[in-house]
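Student:
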Amino acid sequence: MSMAKQRLESPRRKMKPVFLVFCEGETEETYLDHLKQAYRSPIKIIPKVEGGDISQRLIDARRRELKISKNDKVLVFLMYDMDVPEVNARLERCRAFKLLSNPSIELWFLLHGKGCVSNITTDEAFDELVKLENCWNEYEKAALTETQKSYLWNNRLAAVERARKLQKFCNPSSGVYNLILALEKSIR
1143 MSMAKQRLES PRRKMKPVFL VFCEGETEET YLDHLKQAYR SPIKIIPKVE
1193 GGDISQRLID ARRRELKISK NDKVLVFLMY DMDVPEVNAR LERCRAFKLL
1243 SNPSIELWFL LHGKGCVSNI TTDEAFDELV KLENCWNEYE KAALTETQKS
1293 YLWNNRLAAV ERARKLQKFC NPSSGVYNLI LALEKSIR
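Numbering (my numbering), first residue to last: 1143 to 1330.
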């Protein structure tokens, strides 16, 4: 009597979703690069060259390029500041997760260190950020130092909680927390 070897079926490997993020500015692109490295996640960034001409047609074309098989999951996000009304109108018509910051990405950075509940301009958000912690003293748009990246990473979940309390699309608000939540979920 011989025993036939049974091959054990290996567990299916869960594929991480691909995060396709359209953005308008160099600061957003720098921040997304930081998240890509920190989470070790497949984040494809479509920078301002195309992002300024955002449309559903462009989104669909980029999504198709990333899909290798029908099982691939591509999550599409739009990371924009809400200080340009013409762009806001185009964003409204797009089917994607909106990571809109009102007035700007600097508000999202500011939420890593403190709450903000009253109307704020881009310049005020920038000034508040620079006063927040020593690591922001030399802050320049489009660049993040290693110390600033570390600060953003270490305080990301506090920023998520603060941003969740703000009214969507109103000033002040930031939807960037939705990307953080999706990235956190993808690593579990």
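Heads up, the beta-carbon is just placed ideally off N, CA and C, and yes, glycines get one too.
Do you know how far the Cα of Ile1201 is from the Cα of Asn1261?
Tutor: 31 Å
Student: Under the three-state reduction of DSSP, which class applies to Cys1165: helix, strand or coil?
Tutor: In the structure shown, Cys1165 falls within a strand segment according to DSSP collapsed to helix, strand and coil.
Student: Does the region 1157 to 1177 touch the region 1195 to 1215, meaning 3 or more C-beta pairs lie closer than 8 Å?
Tutor: yes
Student: I need the DSSP call for Lys1256, collapsed to helix, strand or coil.
Tutor: coil
Student: Please report how far the alpha carbon of Leu1321 lies from the alpha carbon of Ile1187, in whole angstroms.
Tutor: 13 Å
Student: Helix, strand or coil: which one does DSSP assign to Ala1238?
Tutor: coil
Student: When you compare the CB positions of Ser1380 and Asp1223, do they come within less than 7 Å of one another, or not?
Tutor: A question about residue 1380 goes unanswered here, because the residues of the chain that appear run from 1143 up to 1330.
Student: Might you give, ordered along the chain, the residues of its own chain that have their beta carbon closer than 6 Å to the beta carbon of Thr1169, omitting 5 neighbours on each side?
Tutor: Counting only Cβ-Cβ distances below 6 Å, and skipping sequence neighbours, we find Ile1247, Lys1283, Ala1284.
Student: From which residue to which residue does the beta strand (DSSP E) around Phe1219 run?
Tutor: 1216 to 1221
Student: Alpha carbon to alpha carbon, what distance is there between Val1272 and Thr1264?
Tutor: 12 Å
Student: I'd like to check one pair, Leu1249 with Ser1316: are the Cβ atoms closer than 7 Å?
Tutor: yes
Student: Under 7 Å between the Cβ atoms of Tyr1319 and Val1302?
Tutor: Closer than 7 Å, so yes.
Student: Got a sec, what are the start and stop residues for the alpha helix (DSSP H) Lys1291 sits in?
Tutor: 1288 to 1296
Student: Judging by CA-CA distance, which residue of Arg1205, His1254, Leu1253, His1176 is the nearest neighbour of Arg1237?
Tutor: Arg1205
Student: Give the range of the alpha helix (DSSP H) segment to which Lys1273 is assigned.
Tutor: 1264 to 1274
Student: Whole angstroms are fine: how far does the CA of Gly1167 sit from the CA of Tyr1173?
Tutor: 10 Å
Student: Kindly identify the DSSP beta-bridge partner or partners of Glu1282.
Tutor: Partner(s): Ala1285.
Student: With the cut-off set at 7 Å, would you say Gly1257 and Arg1304 are in Cβ contact?
Tutor: yes
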